[in-house]
Ligand SMILES: NC(=O)c1ccc[n+]([C@@H]2O[C@H](COP(=O)([O-])OP(=O)(O)OC[C@H]3O[C@@H](n4cnc5c(N)ncnc54)[C@H](OP(=O)(O)O)[C@@H]3O)[C@@H](O)[C@H]2O)c1
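In mature numbering (1 follows the signal peptide of the UniProt record, and there is no 0), the protein residues as written are -20 to -1, 1 to 252.
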């Protein structure tokens, strides 16, 4: 077995702490730096980012690129960037790294801190194919040559999560307004979400073929349904932002001639 690389972790928030702990667990010699000085058992604390850059590999996990960018210098040998951002931010950092002779891996973490170090933690990465230290964090999945792709996958997947969670919370509030508890309602929600997830491959295909003919459910009926959900929410004294936003988007597709088409036709409005 070869000698393990030395690794620094910049950012000891919820996720950075989990990453540093996973590296220690894997037997790496770990140095940590955090804006608000913190110590972590099994690691060495760097007083400055520059001190942390002496390691073979630097892993960054800060809240935003805006927080991270001013800290980066060409003293870094290998940068594994796990801070969430847009594809453009990832590409700009890849360009900066190339211009400064820094080897660069761009990754995103599709997991919560508690899953780090387990196979459940998918680490999507793009650009440089070298895994470097990612194996310590979970299961690395290379998603393409373009450094911006990992960020694109990240935001696309989280978008599904945020929409689904928003819909669930609207539902819990609606059911709660009549005294039905989350414990009573949630098993039904989970089953329903699984069934709806199974419809995605067909919907995806429709967005490619643009064949929106349907004998399942027309957009018209879904626009009416969203109106009912917004109205019922308001009648129960709840906020209706989520159903109203969806209603407005779906209704625009309806006005533009997709009333008899499947829900997939809404993508025509989104692509504009
Ligand atoms: N938590 C999750 O479930 C999760 C999942 C996937 C991806 N991520 C991504 O992981 C990254 C970190 O998330 P987190 O949950 O660890 O956030 P967090 O707990 O809020 O920690 C934020 C970290 O960023 C540092 N920071 C903020 N502003 C800074 C600045 N201006 N200069 C230097 N350091 C600064 C904080 O330092 P201080 O301690 O000094 O404030 C802290 O170390 C984010 O990009 C997030 O999207 C998180």
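C-beta atoms are modelled at their ideal positions from N, C-alpha and C, and glycine is treated no differently.
Taking just the CA atoms, how far does residue j sit from residue i?
i, j, result
"residue 66", "residue 131", "6 Å"
"residue 184", "residue -6", "32 Å"
"residue 105", "residue 3", "18 Å"
"residue 245", "residue 231", "11 Å"
"residue 168", "residue 93", "28 Å"
"residue 181", "residue 76", "38 Å"
"residue 195", "residue 146", "28 Å"
"residue 249", "residue 236", "9 Å"
"residue 89", "residue 103", "5 Å"
Any heavy atom of ligand 3 closer than 7 Å to the CB of residue i?
i, result
"residue 16", "Ligand 3 is not among the ligands present in this structure, which contains only ligand 1."
With C-beta atoms as the reference, is residue i less than 8 Å away from residue j?
i, j, result
"residue -17", "residue 9", "yes"
"residue 204", "residue 243", "no"
"residue 227", "residue 212", "no"
"residue 41", "residue 20", "no"
"residue 115", "residue 64", "no"
"residue 124", "residue 91", "no"
Kindly list the residues whose CB is nearer than 6 Å to the CB of residue i, restricted to its own chain and excluding five residues on each side of it in sequence; keep chain order.
i, result
"residue -9", "12, 14, 18"
"residue -13", "11, 32, 35, 38"
Beta-carbon within less than 7 Å of residue i's beta-carbon, same chain only, minus the 5 sequence neighbours each way: which residues are those?
i, result
"residue 80", "54"
With a 10 Å radius around its C-beta and 16 neighbouring C-beta atoms as the bar for buried, classify residue i as buried or exposed.
i, result
"residue 39", "buried"
"residue 128", "buried"
"residue 151", "buried"
"residue 27", "exposed"
Please work out which residues of its chain come closer than 8 Å, Cβ to Cβ, to residue i, disregarding the five sequence neighbours upstream and downstream, and give them in chain order.
i, result
"residue 251", "none"
Q: Spell out a yes or no on whether the stretch 42 to 58 and the stretch 75 to 89 are touching, meaning 3 or more CB-CB pairs, one atom from each, closer than 8 Å.
A: yes
Q.
Measuring CB atoms only, is the stretch 107 to 127 touching the stretch 135 to 153, in the sense that at least three cross pairs come out at less than 8 Å?
A. no
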